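Just add 29 to the spot in the sequence shown (first one is 1) and you have the working numbering.
Glycine is no exception: its CB is placed at the ideal position from the N, C-alpha and C atoms.
Since the structure is predicted, the reported quantities are computational estimates derived from the model, not experimental observations.
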Amino acid sequence: MKTKMFRPMCHLKRHSFGPAAGVFAFFLIVSFMLPAVPAIGAAKDWPTKQITIIVPWATGASTDMTPRTLGPRMSKILGVPIQVVNKPGGSGIIGTLDAVKSPPDGYTLLMDCGGTSSIQEAWSENLPYKVEERAYIARAISAPLVLIVPAASPWKTVDDLVQAHRTNPAGITFGVIGGTGVPDVDIAQFRAAMVAKGVDISKTRPVTYKGSGEVGPAIAGGHISYSFTTPSACKALISAGKIRALAVSSAKRYSGLPNVPTTAEAGYPSVDMVYWAGFGGPPGLPANIIKVVDNAAKEALTDPDVIDKLDKLGIEPFYMSGDAYKKFVFDEVKSIKSLKIK
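What follows is the structure, encoded as structure tokens:
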């Protein structure tokens, strides 16, 4: 579209303005346009190089699979490569610390989850960072937790597993993710529910793993009695007949395991923690960078191919941005703090 330049009104004499009038008009128009230039330039200046997303857990779990699924689409949207780097250990603290202590330039981001935010805030002491100070960019996904046992075990229902706690508590072991993983909240809820039913759980023993991706194989090998894990970390083992799913923690049945009851259907409605993951970053991350990443994540989550891949992993898109995302996290903190048994 051609822009019409300002012209003198026809009833005025030409010699009143002369050639300078056109020049004046040009600069007048440009002066009105100038305030918009910096904002456009700032948006185009970022990103200009590879973005690294740190996953504070081992490979294979939903926290790992989420950025690996969204990353290629977000890379196309942003026009730069995206690399996913796993830095497990220290109950998620090692990788989280690397991410939140990185320069606030947007080139190092965090794949956050309850295990590195709400659960740490509720249950951990002397953290090397303040959970409330990090940048909360966008929540991306949600998934139920699955209560799993070895396929070779005699336990076909949740009540079977609870009865085993009554008859042989010393023989019961359960997998935890450093004591601050999302599955650990479901385990705490489950154990509290058993205590409420008069079950003595004092002789059962926890076994610690670096991530949900390690729990499924441990169950399949009979190394532990039970745990909760994400669908992405256990679906293949369930399909292979190596582990058995007894329940899912979501409010409704999970479409990927339609014959598996919810914890509420199994008689344990208080076991209801679900897994989520979202994008975060270091404190002081500029608002324009947050907006660019937020928009890229939001767009990627509407891509049919991304949605299909997430569905196959047992994950569903669950977008939430900015202040709403941070409020969700700290509402969850209050809920987890109310648990008396870990």
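Whether residue i touches residue j by CB criterion (8 Å)
| i | j | result |
| --- | --- | --- |
| L126 | F308 | no |
| A169 | L330 | yes |
| P85 | G121 | yes |
| Y304 | T259 | yes |
| A249 | P183 | no |
| G144 | I206 | yes |
| V175 | I365 | no |
| A222 | S350 | no |
| G204 | I253 | yes |
| T237 | G200 | no |
| V244 | P173 | no |
| S312 | P133 | This sequence places Pro at residue 312; Ser is not what is there. Contact flag set, yes. |
| S241 | G210 | yes |
| V335 | T98 | yes |
| P212 | S153 | no |
| A164 | L314 | yes |
C-alpha distance - residue i paired with residue j, whole-angstrom precision
| i | j | result |
| --- | --- | --- |
| G70 | I319 | Any reading at G70 must be qualified, since the residue scores a pLDDT of 37, below 50, and its modelled position is unreliable; no value is offered. |
| S104 | D93 | 16 Å |
| A265 | D74 | 43 Å |
| I177 | V228 | 20 Å |
| E162 | Q112 | 24 Å |
| A217 | D337 | 32 Å |
| K355 | K281 | 25 Å |
| V358 | S299 | 19 Å |
| D291 | V187 | For the record, residue 291 in the displayed sequence is Thr; it is not Asp. Using only the alpha carbons, I get a separation of about 10 Å. |
| V322 | A316 | 10 Å |
| S268 | Y136 | 38 Å |
| K226 | P235 | 20 Å |
| V191 | F347 | 33 Å |
| N155 | P333 | 43 Å |
| A293 | L275 | 12 Å |
| S91 | K232 | 31 Å |
| R102 | K78 | 16 Å |
| N324 | M302 | 27 Å |
| Y283 | D360 | 24 Å |
| A326 | A295 | 36 Å |
| A353 | G100 | 23 Å |
| D189 | S146 | 33 Å |
7 Å Cβ shell around residue i - same chain, five flanking residues per side excluded
| i | result |
| --- | --- |
| E150 | V160 and V362 |
| G377 | Nothing about residue 377 can be reported from this structure: the residues present for the chain run from 30 to 371 only. |
| A193 | W184 and I201 |
| I230 | H194, P198, R220, M223 and V224 |
| L339 | T98, I170, E345 and P346 |
| T279 | A small correction: the amino acid at residue 279 is Ser; Thr does not occupy that position in the sequence shown. Result list for S279: P173, T291 and V303, in chain order. |
| P96 | I82, V84, V113 and M140 |
| A247 | G204, Y238 and I253 |
| G251 | P179 and A181 |
Inter-residue CB distance, residue i and residue j (contact presumed, cutoff 8 Å)
| i | j | result |
| --- | --- | --- |
| A345 | S131 | For the record, residue 345 in the displayed sequence is Glu; it is not Ala. With 8 Å as the limit, E345 and S131 do not qualify as a contact, their Cβ atoms being about 30 Å apart. |
| E328 | I82 | With 8 Å as the limit, E328 and I82 do not qualify as a contact, their Cβ atoms being about 16 Å apart. |
Spatial neighbours of residue i in its chain, beta-carbon cut-off 6 Å, leaving aside the 5 residues before and after
| i | result |
| --- | --- |
| D141 | G307 and G309 |
| A68 | Legend: pLDDT at A68 = 37, less than 50; position of this residue unreliable, value from coordinates given subsequently. Excluding residues within five positions, none has a Cβ falling inside 6 Å. |
| P76 | L107 and V109 |
| T88 | N115 and G242 |
| H44 | Residue confidence for H44 is low, a pLDDT of 39 falling below 50, so the modelled location carries little weight and cannot support an answer. |
| L368 | A217 |
| R273 | V178 and A180 |
| V129 | Y158, R163 and P311 |
| I58 | No answer about I58 holds up, because its pLDDT of 45 lies below 50 and its placement is not dependable. |
Coarse secondary structure for residue i, derived from DSSP in three states
| i | result |
| --- | --- |
| D141 | strand |
| M94 | helix |
| E294 | coil |
| G310 | strand |
| Y354 | helix |
| N317 | helix |
| L176 | strand |
| R43 | Low confidence applies here, because R43 scores a pLDDT of 36, under 50, leaving its location unreliable; read the following figure in that light. Helix. |
| E345 | strand |
| A276 | strand |
| A326 | helix |
| P387 | Examination of residue 387 is not possible in this model, given that the chain is present from 30 through 371 alone. |
| W152 | helix |
| I82 | strand |
| V113 | strand |
| V160 | helix |
| I267 | helix |
| V362 | helix |
| I170 | strand |
| T209 | coil |
| P133 | coil |
| S282 | In the sequence as displayed, the identity of residue 282 is Arg instead of Ser. Coil. |
Own chain, CB closer than 8 Å to residue i, minus 5 neighbours either side, in chain order
| i | result |
| --- | --- |
| G270 | A180 |
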